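Notes follow once the structure below has been shown.
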Amino acid sequence: MSIYLLSAWLISAAYGANIVDRVAAVVNDEVIALSEVYDLGKDFVSSRCPTSAPACQTEAELEVLDEIIKRVLVRQELNRLGMRVTGTEIDQAIDQIVADNTLSDRDQLRREVERTGLSWEAYREQLLEQLQMQRFQQAIIGPRISVAEDEVRDLYQRTVRDVEGELEVK
C-alpha cells in the first residue's frame, strides 16, 4: 500500500513539474546549464545574428558553449595542479588596471565598470578567468612551444626580403 501511495505521489508531482533548466554539456562531472550559455552569450549572439535567424543563433550559441567548456577545462586543470588564482592576485590586477588607465582609485574603476552595465562581481569573475587563462598558457602551453634560433633567423630574413621587394615595386 505504501509503495502505491509513493508512486501515486511521484506521478502527481511529475505532472505538475516544470522544466527549470536543461543540461548543455557535462565536463568531467561538472554540469554546464543551458541557461548559463544563454546568459553569458546573449550579447554575443545578438551582435552576431542581428536578424535572429535560428541557424545563426544556434551556431553562435555553440561557440559560446565551446568557450565555456574551454574555461571549465582550464579551471579544472589549474585546480588539479594546485595553481589557483587568488583574490589577492585579482586585486593586484585591478590595481594595475587602475594605474594603466590613470584612474584615481578602485572606486573610480568600479563606477566605470558599472556604468557599462556590468556588475563589479561579474567584472572580477572576468578578471579571474583571464588570469586563469594566462596562468594556463604560461605554465602548460608555453613550455611545450619551442622555436629554434634557426627558425627565427629564417623568418627574419624572409620578412626583410618581402619588405625590400615591396619597397622596390613602389
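All residue numbers for the sequence shown refer to the working numbering, where the first residue is 2 and numbers rise by one. Beta carbons are placed, not taken as given, at the ideal position from N, Cα and C, and that holds for glycine. Note that the structure is predicted; figures quoted are calculated from it, not measured.
Can residue i and residue j be called in contact, C-beta distance under 8 Å?
i: L128; j: I95; result: yes
i: R136; j: V86; result: yes
i: E130; j: R72; result: yes
i: L35; j: D22; result: yes
i: L74; j: V27; result: no
i: D92; j: V99; result: no
Give me, in chain order, the residues of the same chain whose beta-carbon lies closer than 8 Å to that of residue i; leave out the 5 immediate sequence neighbours on both sides.
i: E1; result: For the chain, the structure presents residues 2 to 171; residue 1 sits outside this window and is missing.
i: Q77; result: V28, N29, E31
i: E115; result: W121
Closer than 7 Å by C-beta to residue i: which residues in its own chain qualify, once you throw out the five before and the five after it? Chain order, please.
i: L79; result: R85, Q133, R136, F137
i: I146; result: none
Go through its chain and collect everything with a Cβ distance to residue i's Cβ below 6 Å, but skip five positions before and after it.
i: Q111; result: According to the sequence shown, residue 111 is Arg rather than Gln. Hits under 6 Å: W121.
i: G118; result: none
Length-filtered (3 minimum) beta strand (DSSP E) runs lying within the region 37-63: Whole beta strand (DSSP E) segments, 3+ residues: zero.
At least 3 beta-carbon pairs within less than 8 Å: the region 60-67 vs the region 43-51: They touch, by the three-pair rule.
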